[in-house]
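2 protein chains.
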Amino acid sequence: MIDTPYILFLGDVPDHLAAKTAVGIVDWRPDWCIGQVRLPGCQADTGLPDMTIADASSNGARTFVIGAVNPGGVLPDHWISSIVEAIDAGMAVASGLHIRLESIPAIRQAAAKAGVELHNVRHADRSFATGSGVKRSGKRLLTVGTDCATGKKYTALAMETALRAAGADADFRATGQTGVLIAGRGIAIDAVPADFISGAVEWLSPDAADDHWDVIEGQGSLFHPAFAGVSLGLLHGAQPDAIIVCHEPTRATMRNVNHPLPTIGEVIDLTIRLGSLTNPAIRCVGLSVNTAALDEAAAQDLLAALEGEHGVPTVDPVRFAGGSGRIADHILAQFSA
Amino acid sequence: MIDTPYILFLGDVPDHLAAKTAVGIVDWRPDWCIGQVRLPGCQADTGLPDMTIADASSNGARTFVIGAVNPGGVLPDHWISSIVEAIDAGMAVASGLHIRLESIPAIRQAAAKAGVELHNVRHADRSFATGSGVKRSGKRLLTVGTDCATGKKYTALAMETALRAAGADADFRATGQTGVLIAGRGIAIDAVPADFISGAVEWLSPDAADDHWDVIEGQGSLFHPAFAGVSLGLLHGAQPDAIIVCHEPTRATMRNVNHPLPTIGEVIDLTIRLGSLTNPAIRCVGLSVNTAALDEAAAQDLLAALEGEHGVPTVDPVRFAGGSGRIADHILAQFSA
Numbered sequence: 001m002i003d004t005p006y007i008l009f010l011g012d013v014p015d016h017l018a019a020k021t022a023v024g025i026v027d028w029r030p031d032w033c034i035g036q037v038r039l040p041g042c043q044a045d046t047g048l049p050d051m052t053i054a055d056a057s058s059n060g061a062r063t064f065v066i067g068a069v070n071p072g073g074v075l076p077d078h079w080i081s082s083i084v085e086a087i088d089a090g091m092a093v094a095s096g097l098h099i100r101l102e103s104i105p106a107i108r109q110a111a112a113k114a115g116v117e118l119h120n121v122r123h124a125d126r127s128f129a130t131g132s133g134v135k136r137s138g139k140r141l142l143t144v145g146t147d148c149a150t151g152k153k154y155t156a157l158a159m160e161t162a163l164r165a166a167g168a169d170a171d172f173r174a175t176g177q178t179g180v181l182i183a184g185r186g187i188a189i190d191a192v193p194a195d196f197i198s199g200a201v202e203w204l205s206p207d208a209a210d211d212h213w214d215v216i217e218g219q220g221s222l223f224h225p226a227f228a229g230v231s232l233g234l235l236h237g238a239q240p241d242a243i244i245v246c247h248e249p250t251r252a253t254m255r256n257v258n259h260p261l262p263t264i265g266e267v268i269d270l271t272i273r274l275g276s277l278t279n280p281a282i283r284c285v286g287l288s289v290n291t292a293a294l295d296e297a298a299a300q301d302l303l304a305a306l307e308g309e310h311g312v313p314t315v316d317p318v319r320f321a322g323g324s325g326r327i328a329d330h331i332l333a334q335f336s337a
Numbered sequence: 001m002i003d004t005p006y007i008l009f010l011g012d013v014p015d016h017l018a019a020k021t022a023v024g025i026v027d028w029r030p031d032w033c034i035g036q037v038r039l040p041g042c043q044a045d046t047g048l049p050d051m052t053i054a055d056a057s058s059n060g061a062r063t064f065v066i067g068a069v070n071p072g073g074v075l076p077d078h079w080i081s082s083i084v085e086a087i088d089a090g091m092a093v094a095s096g097l098h099i100r101l102e103s104i105p106a107i108r109q110a111a112a113k114a115g116v117e118l119h120n121v122r123h124a125d126r127s128f129a130t131g132s133g134v135k136r137s138g139k140r141l142l143t144v145g146t147d148c149a150t151g152k153k154y155t156a157l158a159m160e161t162a163l164r165a166a167g168a169d170a171d172f173r174a175t176g177q178t179g180v181l182i183a184g185r186g187i188a189i190d191a192v193p194a195d196f197i198s199g200a201v202e203w204l205s206p207d208a209a210d211d212h213w214d215v216i217e218g219q220g221s222l223f224h225p226a227f228a229g230v231s232l233g234l235l236h237g238a239q240p241d242a243i244i245v246c247h248e249p250t251r252a253t254m255r256n257v258n259h260p261l262p263t264i265g266e267v268i269d270l271t272i273r274l275g276s277l278t279n280p281a282i283r284c285v286g287l288s289v290n291t292a293a294l295d296e297a298a299a300q301d302l303l304a305a306l307e308g309e310h311g312v313p314t315v316d317p318v319r320f321a322g323g324s325g326r327i328a329d330h331i332l333a334q335f336s337a
């Protein structure tokens, strides 16, 4: 649906997390990405070569991907001239922002003149039914978090790979703009009208064979004061048989607010309590911890301690090879028994 | 914002609850409504005179209000000709459906030709920030429910009246399409993009004087598999100091799904547990029970039994005079102490 190769635009975002769209695409689809375009002051870096828009064009970029987000998905005014320059160079534009690209006159006019496509991947250009709560066939794994941006998408993508490697039939189901760019399909659930959150997830993950696993990307956190409603609607629509809790152990407060992080135990308890409304058999099958801020010994100690405390495989699927495979083996053993 | 008087269109909906928009307007703004238009087979009745669209026009109706809803807010094709007839007679149209009236070519063309306004009251034509979770000044009362359609809007409107009668400064804050039609302002929260549920409610109920009460209309139920995400985002954004649980005692399953109703105690417990994220002082101050399906003795017995069980004033504010006043007195005593 979106032409490749991509050139990734990072704007002038103040930290790495704000560029997680770009970083995610590079991690999971490196061969689709030829470089990055950054404005002065940008504090994020995907590791790809820095390019001007003219460089990117002469190197064959087909789509200018806005790979950074502000809280609330606002498009800063001073990014518009870069977008128009890319359009004038003949590139399509893909955006995961809430605002539709064509709502900005300069962008709409440039795209019409150049005859290029504008992809608003956060907008589902279809309507949904409200949720039914009826149990669907097939198995479902949902990643949930102690906060936003704790590795839910990465863990889900890693679990798709690991379940397939273990011989299971598994599909990643994207619920966020980066996931949609990586998977080429899915729904940016946070832009669906609130009434249809659960119904959209029911549509995204339909009936399947009894031994098929949908690996559904979680969003937000049940403990985040801005986004818990999204997380709960997604949980109810997903009807997960299994959850993996994703955690970043060095964070003091939840992203963009002053609230403290919940404990992993609180997240497991509340997710199971609330999730049992649409799947009473819901259980926790693993913990996925982003240990990037710890040295290796501290990381291994933490994983071992959390595994002892919670009694499920506890891994960092990005840092340590085999982690997602351990959870996959545990899942398949649990659900074949 | 919307011209009166109204003529209320009920379509051919199969039950009274599906016409709750029209019924609510008649109950709270009777002097704005001159009659109802019904199609063959309609099972709802507001009690207003039945009229043809020509009758309504000659009686001075200014706005044709679509006062009935289907699950999911779909507009049935066979309602379109009635809407076009009203437009051709010179009336504006107000709709609480998810679909925008102008998205239907016959309606858009008729409105352009007649020069009348189309009001999509479910659509907030503004954007919001994401929630901050920061505690706001002033007091807030939120109505919550064991299900959808259990009297949350009625109870909130009755509590606005009762708190004002008891000498408090109070404002009803509408979060649904009927509430917006009754209050002339508000947000249909179920149509806000999921990411902004809490932020929209924070905007709807801003900082206020310490002794001011916002009475916020609840939506859905934390136990409804389709709508719990909306209910939770609304709860977190509302930051209520006080909740009233609304209940319909004869319902066996939740509206439009096969799930059983939770108990009142479960709703109190879960609302307090989840609501404490943004207001740790949240407490239950009353129960509002729709006893219409019970005879008077059974209704009084039930109210007394529930009051004994839960220890808060338990009333039917529609059926028995003084009920909402008892809760208002309790609230003011609790919060002055």
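Note that the protein sequences, when read in sequence, are chains A and B. 337 is the number that the numbering used here gives the last residue of the first sequence; the numbers go up by one with no jumps. 337 is the number that the numbering used here gives the last residue of the second sequence; the numbers go up by one with no jumps. The C-beta atom is built at its ideal place from N, Cα and C for all residues, glycine as well.
Contact set between Thr278(B) and chain A, taken where Cβ atoms lie within less than 7 angstroms
Position 278 of the second sequence, counted from the start, is the residue given in the question as residue 278(B). Those within 7 angstroms of Thr278(B) in chain A are Pro225.
Give a yes or no on whether 9 angstroms exceeds the smallest Cβ distance from His236(B) to chain A.
Looking up residue 236(B) in the second sequence gives position 236. Taking Cβ atoms only, chain A reaches closer than 9 angstroms to His236(B), which makes this a yes.
Residues from the segment 176 to 197 of chain B in contact with chain A, defined by Cβ distance under 7 angstroms:
Ile189, Asp190, Ala191, Val192, Pro193, Ala194, Asp195, Ile197: these are the residues of the segment 176 to 197 of chain B whose beta carbon lies less than 7 angstroms from some beta carbon of chain A, given in chain order.
By the 10 Å Cβ neighbour count, where 16 or more other Cβ atoms means buried, how is Thr21(B) classified, buried or exposed? Along the second sequence, one-based indexing puts residue 21(B) at 21. Burial call: buried.
**Prompt:** DSSP puts Tyr154(B) in a beta bridge; with which residues?
**Reply:** On the second sequence, position 154 is the one that residue 154(B) refers to. For Tyr154(B), which the question treats as bridged, DSSP gives no partner whatsoever.
(message) Out of Thr4(B), Glu296(B), Trp28(B), Phe9(B), which one is the CA nearest neighbour of Thr155(B)?
(response) As a working mapping, residue 155(B) is identified with position 155 in the second sequence. Thr155(B) has its Cα closest to that of Trp28(B), out of Thr4(B), Glu296(B), Trp28(B), Phe9(B).
Three CB pairs or more closer than 8 angstroms across the segment 107 to 118 of chain B and the segment 74 to 93 of chain B: Segments in contact, yes.
> Who are the neighbours of Val230(B) on chain A, taking C-beta pairs under 8 angstroms?
Replying inline: Here residue 230(B) refers to the residue found at position 230 of the second sequence. Those within 8 angstroms of Val230(B) in chain A are Ala194, Asp195, Ile197, Gly229, Gly233.
*When you check each C-beta in the segment 131 to 157 of chain B against every C-beta of chain C, which residues fall closer than 8 angstroms?*
The structure shown contains no chain C; the protein chains it does contain are A and B.
Grab the span of the alpha helix (DSSP H) containing Leu39(B) for me, first residue to last. In the second sequence, counting from the first residue as 1, residue 39(B) sits at position 39. It is not in any alpha helix (DSSP H) - Leu39(B) carries neither H nor E in the DSSP assignment.
Checklist line | Beta-carbon proximity check, Phe172(A) vs Val116(A), cutoff 9 angstroms | finding: Stepping through the first sequence from its first residue, residue 172(A) is reached at position 172. Stepping through the first sequence from its first residue, residue 116(A) is reached at position 116. Their beta carbons are not under 9 angstroms apart, which means Phe172(A) does not touch Val116(A) by this criterion.
Q. DSSP state of Lys139(B), grouped into three classes?
A. In the second sequence, residue 139(B) corresponds to position 139, counting from 1. Three-state DSSP puts Lys139(B) in a strand.
Exercise. Would you kindly report the start and end of the unbroken alpha helix (DSSP H) that includes His310(B)?
Key: By 1-based counting over the second sequence, the position of residue 310(B) is 310. For His310(B), the enclosing alpha helix (DSSP H) begins and ends at 296 to 310.
query = Around the C-beta of Lys113(A), are 16 or more other C-beta atoms found within 10 angstroms, so that it is buried, or is it exposed?
reply = The residue given as residue 113(A) occupies position 113 in the first sequence. Looking at its Cβ environment, which holds fewer than 16 other Cβ atoms inside 10 Å, Lys113(A) is exposed.
Item to complete: Within 10 angstroms of the Cβ of Asn290(A), are there 16 or more other Cβ atoms? Answer buried if so, exposed if not.
Response: Translated into positions along the first sequence, residue 290(A) becomes position 290. The residue is buried, with at least 16 neighbouring Cβ atoms inside 10 Å.
>> Rounded to whole angstroms, what is the Cα-Cα separation between Val13(A) and Ile2(B)?
In response: In the first sequence, the residue the question calls residue 13(A) occupies position 13. In the second sequence, the residue the question calls residue 2(B) occupies position 2. For Val13(A) and Ile2(B), the distance between alpha carbons rounds to 43 angstroms.
_Considering Cα atoms alone, identify which of Ala304(A), Val180(A), His224(A), Asn70(A) is closest to Gly286(A)._
Indexing the first sequence from 1 puts residue 286(A) at position 286. The residue with the shortest Cα to Cα distance from Gly286(A) is Ala304(A).
- Query: So the alpha helix (DSSP H) Ile7(A) belongs to, where does it begin and stop?
  - Reply: Counting from one through the first sequence, the residue named residue 7(A) turns up at place 7. First-last for Ile7(A): 6 to 11, but that is the beta strand (DSSP E), not the alpha helix (DSSP H).
Assuming Ile197(A) and Val230(A) form a contact by the criterion Cβ under 8 angstroms, report the distance between their Cβ atoms to the nearest whole angstrom.
Working through the first sequence from its first residue, we reach residue 197(A) at position 197. Working through the first sequence from its first residue, we reach residue 230(A) at position 230. With a Cβ gap of about 6 angstroms, Ile197(A) and Val230(A) count as contacting.
**Item:** Burial state of Thr146(A), where buried means 16 or more other Cβ atoms lie within 10 Å
**Value:** Taking the first residue of the first sequence as position 1, residue 146(A) is located at position 146. In summary, Thr146(A) is buried, with 16 or more beta-carbon neighbours lying within 10 Å of its beta-carbon over all protein chains present.
Original post:
So, Ala162(A) versus Ile327(A), is the Cβ gap smaller than 9 angstroms?
Top reply: To locate residue 162(A), count along the first sequence from 1; it is residue 162. To locate residue 327(A), count along the first sequence from 1; it is residue 327. Taking the C-beta atoms as reference points, Ile327(A) is found nearer than 9 angstroms to Ala162(A).
Chain A within 9 angstroms of His119(B), Cβ atoms only: If you number the second sequence from 1, residue 119(B) lands on position 119. So, not an interface residue.
Between the alpha carbons of Ala297(A) and Thr52(A), how many angstroms are there, rounded?
Working through the first sequence from its first residue, we reach residue 297(A) at position 297. Working through the first sequence from its first residue, we reach residue 52(A) at position 52. Distance from the CA atom of Ala297(A) to the CA atom of Thr52(A), rounded to whole angstroms, is 41 angstroms.
| Partner residues on chain B for His259(A), Cβ-Cβ distance less than 8 angstroms | Taking the first sequence and counting its residues from 1, one reaches residue 259(A) at position 259. Scanning chain B for C-beta atoms nearer than 8 angstroms to the C-beta of His259(A) yields Gly133, Leu277, reported in chain order.
Open item on the list: Give me the residue from Ile34(A), Pro280(A), Gly131(A), Ala333(A) with the minimum Cα distance to Phe64(A).
Closed with: Counted from its first residue, the first sequence places residue 64(A) at position 64. That would be Ile34(A), whose Cα lies nearest to the Cα of Phe64(A).
- prompt: How is the beta strand (DSSP E) around His212(A) delimited, first residue to last?
  reply: On the first sequence, residue 212(A) is found 212 positions in, with the first residue counted as 1. 212 to 216 is the span of the beta strand (DSSP E), which, as asked, contains His212(A).
Next item on the list: Assign Val180(A) to one of two classes, buried (16 or more other C-beta atoms within 10 Å of its C-beta) or exposed (fewer than that).
Entry: Here residue 180(A) refers to the residue found at position 180 when the first sequence is read from its first residue. Val180(A) should be labelled buried.
Item to complete: Grab me the residues of Gly233(B)'s own chain with a C-beta within less than 7 angstroms of its C-beta, minus the 5 sequence neighbours each way, in chain order.
Response: In the second sequence, counting from the first residue as 1, residue 233(B) sits at position 233. The residues are Ile197, Ser198.
request  = Compute the distance between the beta-carbons of Arg62(B) and Asp50(B), then report whether it is under 9 angstroms.
outcome  = Taking the first residue of the second sequence as 1, we reach residue 62(B) at position 62. Taking the first residue of the second sequence as 1, we reach residue 50(B) at position 50. When the beta-carbon positions are compared, Arg62(B) and Asp50(B) stay at least 9 angstroms from each other.
request  = Mind the definition here: the segment 84 to 100 of chain A touches the segment 118 to 127 of chain A only if three or more C-beta pairs lie below 8 angstroms; say whether that holds.
outcome  = Output reads yes: the segment 118 to 127 of chain A touches the segment 84 to 100 of chain A.
Practice problem: Just tell me which of Gly11(B), Leu332(B), Gly133(B) has its CA closest to the CA of Asp77(B). | Solution: Sequence index remark: in the second sequence, residue 77(B) carries index 77 (1-based). Out of Gly11(B), Leu332(B), Gly133(B), Gly11(B) has the C-alpha closest to the C-alpha of Asp77(B).
Whose C-alpha, out of Asp210(A), Thr150(A), Ala321(A), is nearest the C-alpha of Gly138(A)? For the purposes of this step, residue 138(A) is taken as the residue at position 138 of the first sequence. Of the listed residues, the one whose Cα sits closest to Gly138(A) is Asp210(A).
- What is the residue span of the beta strand (DSSP E) that Val289(A) lies within? On the first sequence, residue 289(A) is found 289 positions in, with the first residue counted as 1. 283 to 289 is the span of the beta strand (DSSP E), which, as asked, contains Val289(A).
Under 9 angstroms by beta carbon: chain A residues contacting His98(B):
Here residue 98(B) refers to the residue found at position 98 when the second sequence is read from its first residue. By Cβ distance, chain A contributes Ser127, Pro193, Asp195, Phe196.
* Asked: In its own chain, which residues sit with a C-beta less than 8 angstroms from the C-beta of Ala228(A), not counting the 5 before and 5 after it?
  -> Position 228 of the first sequence, counted from the first residue, corresponds to residue 228(A). For Ala228(A), where only same-chain residues beyond five positions count, the Cβ hits under 8 angstroms are Gly220, Ser221, Leu222.
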